[in-house]
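Since the structure comes first, as structure tokens, the remarks are kept for the end.
Given below as structure tokens:
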């Protein structure tokens with residue numbers, strides 16, 4: 009029931025957020041079938057594969073959110089969505105939506121706090137990636153992009169208490185990490 013509440017809040021808030029806080033952002037105007045025409049090793053293909061597998065389309069003006077999913081390997085479960093926001097906060101991102109998700113998500117689902125904290129630490133350990141123009145990176149080799157951001161050894165952090173959540177969903181990553 010609590011997870012359904014968070015999903016409901018996500019659905020309501022994303023439209024409000026894009027309307028009032030992303031007015032200056034230009035939509036990518038890229039479709040999933042177009043992404044799937046990119047080379048298989050590219051970030052664009054990995055993004056298209058992720059969206060296709062989840063039967064999603066890019067959400068106009070907040071496309072980078074799906075890019076974060078692919079880059080970090082976080083899935084779309086409620087706790088992973090909240091964890092992704094913690095990871096982004098650890099990486100230096102600042103946004104009203106992110107802070108709201110963190111506060112409400114932690115309050116509603118506190119049993120995942122150890123996962124949230126680990127996510128924050130992963131973001132802190134990574135090189136900054138929240139500011140990238142991901143539209144310009146669609147042709148980039150996914151492996152190269154991943155390793156530039158996650159240069160540091162994160163194995164120890166990833167092995168800590170993740171509340172049973174697998175961080176890297178290898179089905180979207182066209183190479184072995």
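Numbering (this note's numbering), first residue to last: 9 to 185. Note that the Cβ used here is the ideal one computed from N, Cα and C, for glycine as well.
Looking at the DSSP output, residue 50 shares a beta bridge with 149.
By the criterion of at least three beta-carbon pairs nearer than 8 Å, the stretch 143-151 is in contact with the stretch 50-69.
Contact check between the stretch 54-66 and the stretch 98-112: fewer than three CB pairs, one atom from each, fall below 8 Å, which does not count as touching. Measuring C-alpha to C-alpha distances from residue 19 to each of 42, 35 and 109 identifies 109 as the nearest.
The continuous alpha helix (DSSP H) containing residue 89 extends over residues 86-98.
Under the three-pair Cβ rule at 8 Å, the stretch 33-47 does not count as touching the stretch 118-128. In this structure, the straight-line span from the alpha carbon of residue 133 to that of residue 157 is close to 9 Å. Nearest to residue 112 by C-alpha distance, out of 64, 90, 103 and 122, is 90. Residue 65 sits in coil when the DSSP states are folded into three classes, being neither helix nor strand.
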